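Asks: According to the working numbering, the sequence shown is numbered sequentially starting from -11.
All residues carry an ideal CB built from backbone N, CA and C; glycine is no exception.
This one's a predicted model, so the numbers in the text were calculated from it and none came from an experiment.
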Amino acid sequence: MANRWLSVEDIAEYLGVSKDTIYAWISRRGMPAHRIGRLWKFKTDEIDIWVRSGGAADSSSSAQEPG
């Protein structure tokens, strides 16, 4: 069970971010996610590769600082 499918809640906890951030990353940054019915599911190996390649990197400081 080393690489089971994770839910949005699970992957948010794994990465230490909110569920809203996960949904934003799916739609805006191409986070690897698989839609199964109404649910999003994730594989940690795919997420790890995506993070290492810079997928989760903050591309603009405006996301952190009000403008």
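Strictly by DSSP, which residues pair up with W28?
Replies: The residue given as residue 28 occupies position 40 in the sequence shown. Answer by DSSP bridge pairing, in chain order: R23.
Asks: Going by beta-carbon coordinates alone, are F30 and S(-5) separated by less than 9 Å?
Replies: For the purposes of this step, residue 30 is taken as the residue at position 42 of the sequence shown. For the purposes of this step, residue -5 is taken as the residue at position 7 of the sequence shown. Taking 9 Å as the Cβ cut-off, F30 and S(-5) qualify as a contacting pair.
Asks: Mind checking whether A44 and R23 have CB atoms under 9 Å apart?
Replies: As a working note, residue 44 is residue 56 in the sequence shown. As a working note, residue 23 is residue 35 in the sequence shown. No; because the gap between Cβ atoms is not below 9 Å, this pair is not in contact.
Asks: Rounding to the nearest angstrom, what Cα-Cα distance links W28 and A21 in this structure?
Replies: Within the sequence shown, numbered from 1, the residue matching residue 28 stands at position 40. Within the sequence shown, numbered from 1, the residue matching residue 21 stands at position 33. Those two C-alpha atoms are separated by around 6 Å.
Asks: State the Cα-Cα distance for the pair Y11 and G4, rounded to the nearest angstrom.
Replies: Walking along the sequence shown from the start, residue 11 turns up at place 23. Walking along the sequence shown from the start, residue 4 turns up at place 16. Spanning the two alpha carbons is a distance of roughly 14 Å.
Asks: If you drop the 5 nearest sequence neighbours on each side, which residues of the same chain put their C-beta closer than 6 Å to that of W13?
Replies: Sequence index remark: in the sequence shown, residue 13 carries index 25 (1-based). Within the same chain, W13 has close Cβ partners M19.
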